[in-house]
Amino acid sequence: MAWRNLGRNRRRSTITASAVAFALFFAISLRSLQLGIHEHMIDTIIGGVSGYIQVSDSSYWPAQNIDLAIPENTRWFDKLENDDRVKSVRPRLSGFNLLSYKNESSVAQWIGVDFEKEDTAFWNNKLITGSFKDRKSKIIPVWLGRKLAFLLNVNIGDTIVGLGQGYQGGLANDLLLVAGTLKLGNPELEKRAAILKLKDAQEYSGAYGMWGSVLITPKDKKNSLNLTSALSLDHKLKGASWSSWEERVPELKQAIRADSTGGIVTLFILYIVISFGLLGTMIMLANERQREFTMQIALGVKRRILTRVVLIEALLMGLLGSIIGITLGRSLAYFLHLNPPRLLGDAALAMENMGWEPVLPPSLDWSIAITHTSIVLFIVLFVSFWPVFVVYKSPAINR
Amino acid sequence: MSLIRLKNILKIYESQSGKVRAINGVSVEFESGEFTSIVGPSGCGKTTLLNAIGGLDKPNSGEIWIDKTEITKMSDKDLIDFRLKNIGFVFQAYNLIPVLTAIENTTFILELQGVPKRIRNDRGMELLEAVGLSDKANSRPNQLSGGQQQRVAVARALASSPRFVLADEPTANLDSKSTSKLLDIMSELNSKEETTFIFSTHDQRVIDRARRIIYLEDGRIK
């Protein structure tokens, strides 16, 4: 009966389903775009350079003192790498030194990277000039942040001098060959980062067989905070401290939260408007049916049966609208994921300067559709309590 | 023992002009198998009396007994259940459920009572045949005339073989041909199925067919 009731006042059913469809289409599109941009931002800033989850000596962070490096532990590393929750594990070793070329000198942070364990595409995207191919030269190759390269006034193939503190009082000094320049997505990092191969970094600093930190990218990137403690319990490493990017870069988390709140407020206003629209259609439904409710109660239909019919009817309208809304919203998100909107002009330039590709790729996470469908269906059921109220207030006779 | 017994029923309505005694101390009994009309001018309390008998409205005082059950003391929830199992209703305006077909409307009460589909369909078709509408079994109310809709309402009222049927001015919106046909059907069902019929009416055609007539005036039996 509930299904047939949908066709009884087609205009009302269409208005209800359309309101639900519009709300979901708008919510899914907006949140997919917003969360997609956040993911893109986190991936760019966090993903490659500092890692979603970082494991290091408990005193390593934030000073990143090379003396607090941890010994390589291949067994632990392999076990972590084979964990189902983990996408990739990458060891790093870093320290601070002075880089000089001719009359120019600059403080830099050298970072040893094991390119065999890294995402090649990530580093290729960061490369502005030069290449990651092995050179015949015996001099240690180095890839400089583009601003650092600018400060030192170096070009590809130039040899620079590195001088700094090595492992446990040793000296880190050697000639370094500029093999490339990088855009790293963080202006500060671009001013100071000098990327070395991990083995070269260990040799350069004298920290043979040592890791400064281990970066972990989880499969479920959004859950890195919870996974940090779960993984730390499952893969204990003596003296090591585990931290998620949210703990290490709280300012980024706050910026994302602020932006996300704006989107949520917009959706909240939309839901309020939609709720009143839906309530209007439910009041229409109740007024239209009041006489029929009375007649059915007189015949012996229990009020809870009438309630069930009304709620199923509302739910069917909601589900119909949800299917349309999800289909449209997901289609748009998928289309924009394949053809991400590209920023133009100053905005694009600003993003490029930060090392981000100036695109706005929407997220394809199903949880967006599921969350907002649940919210909309809850609203539908909530406003349906008006006709339910009318059912319970209806007498058995028309006076 | 009589099927229905009313003892000193009083029903007072509040109106702008003050309190109105719609039923003023009515005591009456109805036997099983009766074909009775409650007649009287508009506003004399016919519908109020019928509503009270059907448990649709509670009197201010007095007792209404259906067989061994005093319905005036029952809760709203219990009354709904009692009506479902014991009473058939035919209303003035046809009051069919617009989204259901004639057979579905007829068997609606049986479905609520949990009667299996095959049995209720057989009973529905039997009753639609009795009211001359077997060929309209799959028609929706908007595809039926007023008279046909009222005949479906009668079939619905009888579907669960209730102990009695209350019909509130069932012919008020019908032409004379439809009225005559409807009365023939109800009279035949009364004889054949021994169903008790109590009408409220001021239609002379119905009064002429009733075997017992109760005159009501200003809320009292004359």
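For the protein sequence lines, the chains are A and B, in the order given. Per the working numbering, the very first residue in the first sequence carries number 3; after that it's consecutive. Per the working numbering, the very first residue in the second sequence carries number -6; after that it's consecutive. All C-beta atoms in this analysis are idealised placements derived from N, C-alpha and C, irrespective of residue type, glycine included.
A direct Cα-to-Cα measurement between S153(B) and I102(B) gives close to 7 Å. Below 8 Å, enough C-beta pairs join the segment 156 to 163 of chain B and the segment 71 to 83 of chain B to call them touching: three or more. The shortest C-alpha to C-alpha distance from E205(A) to any of A110(A), S96(A), F152(A), T283(A) is the one to S96(A).
In the three-state reduction of the DSSP assignment, I31(B) falls in the strand class. Where N99(A) is concerned, the enclosing beta strand (DSSP E) starts and stops at 88 to 103.
Against M286(A), chain B offers no close residue; the least beta-carbon distance is about 16 Å (beta-carbon pairs closer than 7 Å).
If you draw a straight line from the Cα of D222(A) to the Cα of I381(A), it is about 30 Å long. The alpha-carbon separation between K215(B) and V21(B) amounts to approximately 12 Å. Its chain contains A4, W5, L8 as the residues whose beta carbon lies nearer than 7 Å to that of L318(A), once the 5 sequence neighbours on both sides are disregarded; these appear in chain order.
Residue contact with chain A for N131(B): absent (no Cβ-Cβ distance below 7 Å to any residue of chain A). The beta carbon of M118(B) is closer than 8 Å to those of I96, S127, A130 in its chain, skipping five residues each way along the sequence. Taking C-beta atoms as the reference points, L153(A) and S102(A) fail to come closer than 7 Å.
When Cβ-Cβ separations below 7 Å define contact, R76(B) makes contact with chain A. Taking every protein chain shown into account, the CB of V267(A) has fewer than 16 other CB atoms within 10 angstroms, so this residue is exposed. Of all residues in the segment 11 to 27 of chain A, none places a beta-carbon less than 8 Å from a beta-carbon of chain B. Residue environment analysis places D161(B) among the buried positions, since at least 16 neighbouring C-beta atoms fall within 10 angstroms of its C-beta.
Residues of the segment 303 to 322 of chain A with a Cβ closer than 8 Å to any Cβ of chain B, in chain order: V303, K304, R305, I307. The criterion of a C-beta distance shorter than 7 Å is satisfied by F28(B) and N183(B). At least one CB of chain B lies nearer than 7 Å to the CB of I399(A).
Counting C-beta pairs with one atom in each stretch, the segment 181 to 197 of chain A and the segment 122 to 133 of chain A have three or more that are closer than 8 Å, which means they touch. At least 7 Å separates the CB of N166(B) from every CB of chain A. Counting along the chain, T131(A) sits inside the beta strand (DSSP E) bounded by residues 129 to 132. In this structure, DSSP gives N157(A) a state outside helix and strand, which the three-state scheme calls coil. Residues D69 of the same chain have their beta carbon placed closer than 6 Å to that of Q170(A), with the five preceding and five following residues left out of the count. Beyond the five residues adjoining it in sequence on each side, H237(A) comes within less than 8 Å, by CB distance, of W78, K81, L82, D85 in the same chain, given in chain order.
Looking at L100(A), L308(A), W145(A), the one whose alpha-carbon comes closest to that of L173(A) is L100(A). Against chain B, the CB of A4(A) has no partner CB under 7 Å away; the residue lies outside that interface. For L126(B), no beta strand (DSSP E) run applies, since DSSP gives it neither H nor E.
In the displayed model, S20(A) falls within a helix according to three-state DSSP. The segment 27 to 39 of chain A makes contact with the segment 364 to 374 of chain A; the number of CB pairs closer than 8 Å reaches 3 or more. Look at the segment 193 to 250 of chain A and you find these whole runs of alpha helix (DSSP H), each 4 residues long or longer: 200 to 207, 226 to 236, 247 to 250.
Scanning its chain for C-beta atoms nearer than 6 Å, with the 5 sequence neighbours on each side dropped, one finds around C37(B) the residues L209, E210, in chain order. The C-beta of N7(A) comes closer than 7 Å to at least one C-beta of chain B. The DSSP-derived three-state label of R205(B) is strand. Contact with chain A is absent for L120(B), since none of that chain's Cβ atoms lies less than 7 Å from the residue's Cβ. With a contact defined as Cβ atoms closer than 8 Å, I142(A) and D176(A) qualify at about 6 Å.
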